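**Q** Quick one: the structure is below, and I'll ask about it shortly.
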Amino acid sequence: MSLPPTIISPIFNSSYFNASNDYLTITTGDQRYLRIGGAGTFSTVNVAGNLDCGSLTINGSNLNLSGLAYVSGVTPGTASASKALLLDSSSSISGINLLQTTSLILGSSTLTSTEANYLIGLTTAVVQVNKAMTVNGSLNVSGINNLSASSITGTIQTAAQPNITSIGTLSGLTVGGNLIFTGAFPSISGLSSMTATTITGTLQTAAQPNITSIGTLSGLTVGGNLIFTGASRSITGLSSLSSASITGTLQTAAQPNITSIGTLSTLTATSITGTLQTAAQPNITSIGTLSANSYEHYWYSSDSGSA
Numbered sequence: 005m006s007l008p009p010t011i012i013s014p015i016f017n018s019s020y021f022n023a024s025n026d027y028l029t030i031t032t033g034d035q036r037y038l039r040i041g042g043a044g045t046f047s048t049v050n051v052a053g054n055l056d057c058g059s060l061t062i063n064g065s066n067l068n069l070s071g072l073a074y075v076s077g078v079t080p081g082t083a084s085a086s087k088a089l090l091l092d093s094s095s096s097i098s099g100i101n102l103l104q105t106t107s108l109i110l111g112s113s114t115l116t117s118t119e120a121n122y123l124i125g126l127t128t129a130v131v132q133v134n135k136a137m138t139v140n141g142s143l144n145v146s147g148i149n150n151l152s153a154s155s156i157t158g159t160i161q162t163a164a165q166p167n168i169t170s171i172g173t174l175s176g177l178t179v180g181g182n183l184i185f186t187g188a189f190p191s192i193s194g195l196s197s198m199t200a201t202t203i204t205g206t207l208q209t210a211a212q213p214n215i216t217s218i219g220t221l222s223g224l225t226v227g228g229n230l231i232f233t234g235a236s237r238s239i240t241g242l243s244s245l246s247s248a249s250i251t252g253t254l255q256t257a258a259q260p261n262i263t264s265i266g267t268l269s270t271l272t273a274t275s276i277t278g279t280l281q282t283a284a285q286p287n288i289t290s291i292g293t294l295s296a297n298s299y300e301h302y303w304y305s306s307d308s309g310s311a
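Quick note on the working numbering: the sequence shown kicks off at 5 and runs consecutively.
And the structure:
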């Protein structure tokens with residue numbers, strides 16, 4: 005039996021069988037070497053050159069060697085076309101143009117295509133249907149038809165607000181037009197002062213000491229006294245005046261509607277027509293010519309002392 009040729013190889017070791025008292029059996033050869041077209045098991049294989057095989061099985065799983073091209077020439081942290089993605093030491097990667105997924109987790113929040121659609125195709129400061137709302141550099145936004153909120157802070161720019169039916173406590177109120185109240189019981193309470201050009205309605209507080217002048221009245225009913233003060237006190241333009249008591253001097257001389265007067269302390273008149281009811285008239289010092297047949301008794305002259 006001739007010995008095999010000596011071959012310098014880390015795999016083939018001639019010392020295994022190149023001995024005077026040993027033989028290379030088929031069983032030993034199958035354990036140490038691979039047959040051509042056969043199968044064997046190795047704990048370690050060192051390949052100095054190329055390993056050419058149709059398929060490779062690792063731990064019972066067949067490895068498709070055609071995928072080795074995807075990991076060949078890969079740069080960690082940089083995406084390359086038709087190559088596997090390999091993160092760098094900071095778990096980062098760049099160069100990805102398009103990444104498609106059904107959902108994306110950001111921190112503890114999940115972003116799906118539904119939420120992402122709210123952010124696609126936005127126009128700054130313009131409200132769009134089913135889109136997120138953004139403001140411009142001036143913090144303005146337009147295009148809102150209806151806005152519902154529990155709290156809104158800021159100044160409403162549209163003057164007319166027909167849908168505001170109630171407000172809270174105002175520190176001040178300036179009205180440029182008319183203040184109109186509707187409903188069964190319209191009221192304002194708690195005002196310390198109010199300034200207005202025109203107020204329409206009925207004042208509920210009877211005493212109004214600060215009203216110093218009024219316009220033309222269609223009628224006036226006074227339950228108490230009507231008191232005039234000041235240097236020039238007057239009432240003009242009255243067609244009639246009815247009062248239980250009027251104090252003062254009538255300025256119109258002719259008073260044809262006065263039919264009776266009370267007790268006068270003095271009376272000055274150019275002419276008095278009628279019959280004096282009081283017989284004694286000590287203040288009459290002279291009379292006109294009397295008709296004698298008007299008296300039934302004689303009278304005596306104080307000058308002659310005769311009848």
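Each residue gets a CB set at the ideal place from its N, CA and C atoms; glycine is no exception. Computed from a predicted model, the values in this text were never measured in an experiment.
1. Can you tell me which of 152, 189, 180 puts its alpha carbon nearest to the alpha carbon of residue 164?
2. Can you grab the Cα-Cα spacing for the pair residue 106 / residue 63, in whole Å?
3. So, helix, strand or coil for residue 98, using DSSP?
4. Check the C-beta distance from residue 148 over to residue 131 and give it rounded, since I have them as a contact under 8 Å.
5. Pull up the CB-CB distance for residue 82 and residue 99, whole angstroms please, since I reckon it's below 8 Å.
6. What are the residues that DSSP puts in a beta bridge with residue 146?
7. What would DSSP say about residue 311, mapped onto helix, strand or coil?
8. Helix, strand or coil for residue 291? Go by DSSP, reduced to three states.
9. Whose C-beta lies closer than 7 Å to the C-beta of residue 144 among residues of the same chain, with five residues either side of it excluded?
10. Just verifying my parser: in three-state terms, what is the DSSP assignment at residue 138?
11. For residue 161 and residue 139, I'd like the C-alpha separation in whole angstroms.
12. Reducing DSSP to helix, strand and coil, say where residue 261 ends up.
**A** According to the data block:
1. 180
2. Residue 106 and residue 63 have their C-alpha atoms some 33 Å from each other.
3. The answer is strand: DSSP assigns residue 98 an E or B state.
4. 5 Å
5. 5 Å
6. 130
7. Only weak support exists for where residue 311 lies, its pLDDT of 49 falling under 50; the coordinates are left without a value.
8. Residue state, collapsed to three classes: coil.
9. 129
10. coil
11. 16 Å
12. In the displayed model, residue 261 falls within coil according to three-state DSSP, outside both helix and strand.
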